[in-house]
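The opening residue of the sequence shown carries number 0 in numbering that gives the first Met the number 0; numbering runs sequentially from there.
Backbone N, C-alpha and C fix where the C-beta goes; we use that ideal spot for every residue, glycine too.
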Amino acid sequence: MTDPSSYPVRLAEDIASLIKTLDDHLDQAAPRQAAEILGKVLDTEDGVLARVTDLIGTGSRFAQQQAHRGMLPPEVWLAMGRASNELASVGMDLDEHAGAIKQLGAPSATASPLPPKPVASAMVVRRSR
0 MTDPSSYPVR LAEDIASLIK TLDDHLDQAA PRQAAEILGK VLDTEDGVLA
50 RVTDLIGTGS RFAQQQAHRG MLPPEVWLAM GRASNELASV GMDLDEHAGA
100 IKQLGAPSAT ASPLPPKPVA SAMVVRRSR
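This is how it looks when you write it as C-alpha cells:
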C-alpha cells in the first residue's frame, strides 16, 4: 500500500481540489469569463482536458505493465485504455467548437477599453489690435 502522505498523492488531491474550485468559478462566471475559462480548459496543447487525457494514458500504460505481471486483472488495463481513447476522442470533438467558445470569450470589437485618441485640428490664430 502506498504512503498517502507522499508528494504525488497530495499533488493529486490538490489538483482535484483546484479543479473543483475552477468548476465553482465557472458556475458563477459571466458568459465572457466562462468562455475564457472553457477556452483554457479545452486548449488542445496545454488545457486541463489534454493534461487529464495524458494522465489517463500514462495510467493505462501502468495498468498494462501490471496486468502483464499478473498484479492487475486485464480488465483494468482495458478499461484504462478505453478511458484514454474516449477522452482523446472527446477532446477532438470539442476542438471542433473551440473557436466559437474562444470567440465568445474574446473582447468584442465594438467595446474598446481605451479611450479614443484626440484628433488634431487646425490651429486658429487671432490678432489683437
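By Cβ distance below 6 Å, which residues in the same chain neighbour residue i in space, the five residues on each side in sequence not counted?
i, result
"residue 37", "100"
"residue 97", "41"
"residue 77", "none"
Tell me which same chain residues have a C-beta within less than 7 Å of the C-beta of residue i, skipping the five on either side of it?
i, result
"residue 75", "62 and 66"
"residue 82", "55"
"residue 39", "46"
"residue 27", "none"
"residue 58", "79"
In chain order, what residues of the same chain lie with their CB nearer than 8 Å to the CB of residue i, ignoring the 5 residues before and after it?
i, result
"residue 72", "66"
"residue 18", "47"
"residue 86", "48, 51, 52 and 55"
With a threshold of 16 other CB atoms inside 10 Å of the CB of residue i, please say whether the residue is buried or exposed.
i, result
"residue 52", "buried"
"residue 16", "exposed"
"residue 79", "buried"
"residue 89", "exposed"
"residue 107", "exposed"
"residue 4", "exposed"
For residue i and residue j, which I take to be in contact (beta-carbon distance under 8 Å), what is that distance rounded to the nearest angstrom?
i, j, result
"residue 49", "residue 43", "6 Å"
"residue 31", "residue 103", "7 Å"
"residue 93", "residue 41", "5 Å"
Segments assigned alpha helix (DSSP H), at least 4 residues, entirely inside the stretch 51 to 101
73 to 94
Complete runs of the alpha helix (DSSP H) confined to the stretch 12 to 53 [at least 4 residues]:
30 to 40
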